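Numbering (the working numbering), first residue to last: 652 to 955. Just so you know, even glycine gets a beta-carbon here, dropped at the ideal spot from N, CA and C. Computed from a predicted model, the values in this text were never measured in an experiment.
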Amino acid sequence: MDRVKKFIVFTAVFAACLWMTAAAVFAGVVVIDPGHGGPGTEGAGAIYPPYMEKSLTLELATKLRDELAARGVSVYMTRTSDVAMSLPQRASYAKSVGANLLVSIHFNASGPHDKTGCEVWSSMYGNHATVGRECGAQVLSQLTALGLESKGIKSKLGTQGDYFGIIRYGVSMGVPTIIIEHCFIDYPTDRSVLESAGTAGMARADAAGIASFLASGTGQALMNGTLDVSPVAPAPTVSQAGGTVGAGASSTAAAVKLSANFSPADWNWLLSQWAYTGHPQDIIVTVPLSELQALVEEHKKGNI
Ligand SMILES: [Zn+2]
């Protein structure tokens, strides 16, 4: 009898430990952002028949949502149909639903059609970078198992901090954000992986990678709120001009001249990028024209 009692007590304690371990797992809130959407080439993203990026991202994101939800994660999507959404709108939506992590889904293409592989883009700041690096590594290890080459986890500095808009807006609201570029839809090897695995196979790979990350030490700290992912304030790398009344007046004249290189809409968008400083014209005149043109170009592609 004694042995039986001991066994029952042991079993009960063991079961309780298991239950506590399970209960201690924080599933968290993940927002999936199907890149692009809406009319025109800006909304379409990369196009390489028969593939159109905006449709692939929505297809994959919907399957990823179901995969993660089946694992107990609370999942939201920034869009569930073919609609245009600005990058700040996407990040704000993620913030509004309490996202612990924002995952933006994309597919790649290159001008010369000679690039291959999957890659993850991450913020370069503090724990936002840690989350990007660790979650990115898990996702890439799953995607490479499908036969894709890994181009690694990357970050890029722009004039205001992180180069890619969705990452910059996400981390400026305290939401760690990554971009997954799944493969090049204009490269034969990548297309054959996409054809064989399908968006379903890629969604399963993403889900397995994200779930591994969420179960890790960093993932759990992120989900239970003990990892400091404070908002990263946009930080322009260009120095602010002047500061005297005279400099302000001359920068206004220079800004008027500079604005002639852009359509009114593009110019207003450029100014809006530095609006938070309170004196965007003083700053914009210190940025080389070629860099401003490149920013507008990237904005039109939906990257910023
Ligand atoms: Zn894209």
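Checklist entry - Any C-beta of chain D sitting closer than 9 Å to the C-beta of Ser773? => result This model lacks chain D altogether, as it is built from one protein chain only.
Item to check | Inter-residue Cα distance where the pair is Phe815 and Ser847 | outcome: 30 Å
Next on the checklist: Taking 6 Å as the limit between beta carbons, can you name the residues of its chain near His833, skipping five residues before and five after?
Outcome noted: Phe758, Cys769, Met853
Next on the checklist: Contact defined as beta carbons within less than 8 Å: I believe Leu922 pairs with Pro931. What is the distance between those atoms, to the nearest angstrom?
Outcome noted: 5 Å
Item to check | Whether Gly688 touches Leu711 by CB criterion (9 Å) | outcome: no
Checklist entry - Taking the Cβ atom as the reference point for each residue, do Ala720 and Met874 lie within a distance shorter than 9 Å? => result no
Item to check | Sequence-distant residues of its chain with Cβ nearer than 7 Å to Glu949 (five each side left out) | outcome: Ile955
Checklist entry - What separation, rounded to the nearest whole angstrom, lies between the Cα atoms of Ala862 and Thr731? => result 22 Å
Item to check | Residues with C-beta closer than 5 Å to any heavy atom of ligand 1, in chain order | outcome: Gly686, Gly696, His757
Checklist entry - Whose CA, out of Ala750, Val748, Gly849, Ile817, lies closest to the CA of Ile836? => result Gly849
Checklist entry - Is the Cβ-Cβ distance between Val782 and Pro827 less than 9 Å? => result yes
Next on the checklist: Going by C-alpha to C-alpha distance, which of Pro700, Thr692, Leu715, Ala750 sits closest to Asp733?
Outcome noted: Thr692
Checklist entry - Quick one: Cα of Ser725 to Cα of Met736, how far? => result 22 Å
Item to check | Own chain partners of Ser941 with C-beta closer than 7 Å, once the 5 adjacent residues on each side are dropped | outcome: none
Checklist entry - Count the other CB atoms within 10 Å of the CB of Leu943; is the residue buried (16 or more) or exposed (fewer)? => result buried
Next on the checklist: Taking the straight line between their C-alpha atoms, what separation do you get for Ile829 and Asp933?
Outcome noted: 32 Å
Checklist entry - In whole angstroms, what separates the C-alpha of Pro701 from that of Ser801? => result 24 Å
Checklist entry - What is the rounded straight-line gap between the Cα of Leu715 and the Cα of Ala851? => result 8 Å
Next on the checklist: Assuming Thr840 is part of the beta strand (DSSP E), what are its boundary residues?
Outcome noted: First-last for Thr840: 839-866, but that is the alpha helix (DSSP H), not the beta strand (DSSP E).
Item to check | Pairwise C-alpha distance: Ala856 and Glu718 | outcome: 10 Å
Next on the checklist: Per DSSP, what are the beta-bridge partners of Ser725 in this structure?
Outcome noted: Val680
Item to check | Buried versus exposed call for Trp670 [16 or more other C-beta atoms within 10 Å across all chains shown] | outcome: In this prediction, Trp670 has a pLDDT of 48, which is less than 50 and means its spatial position is unreliable; nothing more can be read from the coordinates.
Next on the checklist: By the three-class DSSP mapping on this structure, what secondary structure does Ser755 have?
Outcome noted: strand
Checklist entry - Where DSSP assigns a beta bridge to Ile831, which residues make up the other side? => result Ile756, Val771
Item to check | Endpoints, alpha helix (DSSP H) assigned at Ser792 | outcome: 777-795
Item to check | Secondary structure of Ser923, DSSP reduced to three states | outcome: helix
Item to check | Classification of Lys705 by the beta-carbon crowding that lies within 10 angstroms, buried from 16 upward | outcome: buried
Item to check | Reference Asp684, options Gly723, Met703, Leu752, Ala697, closest by Cα | outcome: Leu752
Next on the checklist: In the DSSP output, which residue or residues are listed as bridge partners for Leu808?
Outcome noted: Asp813
Checklist entry - For the alpha helix (DSSP H) that contains Lys951, what are its first and last residues? => result 940-951
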